[in-house]
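Student: Mapping of the sequence shown onto the numbering used here: position 213 corresponds to residue 272, and the numbering continues sequentially without gaps.
Even glycine gets a Cβ: it sits at the ideal position worked out from N, Cα and C.
Note that the structure is predicted; figures quoted are calculated from it, not measured.
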Amino acid sequence: MLIVESHIDVPTKADGVEGSMRIFLFHPSIPGYPNAKFPGVALFSEIYQVTGPVARFARSIASAGYIVAAPSSYHDFVPSDPLAYDVPGTDLGNALKAKKTLASYDADSSATIDALLALPTCTGRLGATGMCLGGHLAIRCALDPRISAAVAYFATDLHSATLGANNPDDTLARCKEIKGELVCIHGTLDTHVPPAGRDKIRLKLREAGVVFSWFEVAGAQHAFIRDEMIPTMRKGDEARGEGTGASRNRMNLQLRYYLLLPLTAAVTVAVAVAVTAAAAVLLLLLLLPVVVIAACCPQFSLTITTCYAHCKRAWGLAVFSLPREELESQQVDEGHIFTVDNRIIAED
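(1) Helix, strand or coil for C200, going by three-state DSSP, please let me know.
(2) Does the beta-carbon of T221, which I'm using as the reference point, lie nearer than 8 Å to any heavy atom of the ligand GDP?
(3) So, with DSSP's three-state summary, where would you put S163?
(4) Hey, how far is the Cα of V378 from the Cα of L341?
(5) For a test of the three-state rule: what should DSSP assign to G194, helix, strand or coil?
(6) Please report the distance separating the alpha-carbon of V100 from that of K263.
(7) Run the CB neighbour count on R285, radius 10 Å, all protein chains shown included, and call it buried at 16 or more, exposed below.
(8) Spatial neighbours of S88 within its chain, please: C-beta separation below 6 Å, excluding the five flanking residues on both sides.
(9) Using only the alpha-carbon positions, how far apart do H86 and T149 sit?
(10) Using the rule of at least 16 other Cβ atoms within 10 Å of the residue's Cβ for burial, across every protein chain shown, is K158 buried or exposed?
(11) Need the endpoints of the beta strand (DSSP E) that F274 sits in, please.
(12) For A166, which residues from the same chain have a beta carbon less than 8 Å from its beta carbon, with the 5 sequence-adjacent residues on both sides left out?
(13) Per DSSP, what kind of secondary structure is A282 in: helix, strand or coil?
(14) Taking the CB atoms as reference points, tell me whether F283 and C200 lie closer together than 9 Å.
(15) Quick check on DSSP: helix, strand or coil for I106?
(16) Which of the three DSSP states is assigned to V252 in this structure?
(17) How about Y107 and Y144: do their beta carbons lie closer than 9 Å?
(18) Quick check: what's the CA-CA separation for K235 versus T335?
(19) Identify, in the order they occur along the chain, each residue of the same chain with its Cβ nearer than 7 Å to the Cβ of A224, setting aside the five sequence neighbours on each side.
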């Protein structure tokens, strides 16, 4: 499906301050059907705003037939340009995340929903998604009854209620207001949302009666869906922001999917072919004496000892290529002497 990318600037007002927020749009397009309508998705980014990986994530959603609207979360402080995946960018992103108020976050969500519903090509059915900071914002966005479903990837600051300048936030306390379905996805090795934090979130959602699905990806760390490598960061940044844990995890995933899995598949196929060939040869060698015996003894009235004698001669003929004269004259068990055509020469 074709995707048309654009942006709009919408007015915002929070904490008595008016401003403007840029929303990046990723719109599916069907040639010949300019009036085709699609459901919408509000996509909230991580602490670096709408970066390349976030845009690619938006395109993947749009390619499935959704209009994606990705707001610039830090429009209160900086332009809509993405922050760099480095130490200064991480420090700035974390600082702005803590400085922005809950009222401003909620105003952004409402403005994004309004922008989607204002599009003539939107069906009015809306969902929300996001990762990291955006995962938390997607859940807060789902507090709006206009959101039918939300998918939150490794939502941070949710279990600790530390989103925004005026924390503790009330996201989990208000989760009973969520009317749509919720999906939460985490990595089992995510240090930003530890096991106890994940247990707390899951318990609160269950107690509130929220319809939700819960997934934990084994061995995955924080930010595991981001498809762009992060430069090496100084030790300790992992505990504060998008640090080396995400980078290492992405390297592990790339190694697993682009090298180890194909290599494992190739080895498996080679072993399977070798085992099959060996089994075929073994079966052939096992059946050959039977075939020879059947040819030499149509009446099949031999004793077990006689069959054994035939097998010895057949193996000698097939494997060791003994001369016919030697086979015809050799003495076998139980005193039987046979010729190749099964005529008994002598018998005790």
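Tutor: With the structure as the only source:
(1) What you label residue 200 is simply residue 141 of the sequence shown in a count that begins at 1. Note: C200 maps to helix in three-state DSSP.
(2) Annotation note on the ligand GDP: not contained in the displayed structure, which lists no ligands.
(3) The count along the sequence shown starts at 1 and reaches residue 163 at position 104. Secondary structure of S163 (DSSP, three-state): helix.
(4) Numbered from its first residue, the sequence shown carries residue 378 at position 319. Numbered from its first residue, the sequence shown carries residue 341 at position 282. With a pLDDT of 42 at V378, under the threshold of 50, the predicted position of this residue should be treated as unreliable, though the coordinate-derived value follows. Our two residues, V378 and L341, have alpha carbons roughly 13 Å apart in a direct line.
(5) To locate residue 194, count along the sequence shown from 1; it is residue 135. Helix, per DSSP.
(6) Position 41 of the sequence shown, counted from the start, is the residue given in the question as residue 100. Position 204 of the sequence shown, counted from the start, is the residue given in the question as residue 263. If I take the Cα positions, the gap works out to 25 Å.
(7) Locating residue 285 in the sequence shown gives position 226, where the first residue counts as 1. By the neighbour-count rule (16 or more Cβ atoms within 10 Å), R285 is buried.
(8) Counting from one through the sequence shown, the residue named residue 88 turns up at place 29. The answer, listed in chain order, is L61 and V63.
(9) Mapped onto the sequence shown, residue 86 falls at position 27. Mapped onto the sequence shown, residue 149 falls at position 90. If you draw a straight line from the Cα of H86 to the Cα of T149, it is about 30 Å long.
(10) Here residue 158 corresponds to residue number 99 of the sequence shown, with the count starting at 1. Within a 10 Å sphere around the beta-carbon of K158 sit fewer than 16 other beta-carbons, which makes this residue exposed.
(11) To locate residue 274, count along the sequence shown from 1; it is residue 215. For F274, the enclosing beta strand (DSSP E) has its first and last residue at F271 to V276.
(12) By one-based count along the sequence shown, residue 166 stands at place 107. Non-local beta-carbon contacts of A166 in its own chain, meaning distances under 8 Å to residues more than five positions away in sequence, involve T71, K72 and A73 in chain order.
(13) Residue numbering aside, residue 282 sits at position 223 when the sequence shown is read from its first letter. In this structure, A282 counts as coil in the three-state DSSP scheme.
(14) For the purposes of this step, residue 283 is identified with residue 224 of the sequence shown, where counting begins at 1. For the purposes of this step, residue 200 is identified with residue 141 of the sequence shown, where counting begins at 1. Going by C-beta atoms, F283 is not nearer than 9 Å to C200.
(15) Stepping through the sequence shown from its first residue, residue 106 is reached at position 47. I106: coil per DSSP, three-state reduction.
(16) Locating residue 252 in the sequence shown gives position 193, counting from the first residue. In this structure, V252 counts as coil in the three-state DSSP scheme.
(17) Here residue 107 is taken as the residue at index 48 of the sequence shown, counted from 1. Here residue 144 is taken as the residue at index 85 of the sequence shown, counted from 1. Yes, they are a contact pair.
(18) Here residue 235 corresponds to residue number 176 of the sequence shown, with the count starting at 1. Here residue 335 corresponds to residue number 276 of the sequence shown, with the count starting at 1. T335 has its alpha-carbon roughly 59 Å from the corresponding atom of K235.
(19) The sequence position of residue 224 within the sequence shown is 165, counting from 1. Once the five neighbours on either side are set aside, the close Cβ partners of A224 are A157, K158, K159 and T160.
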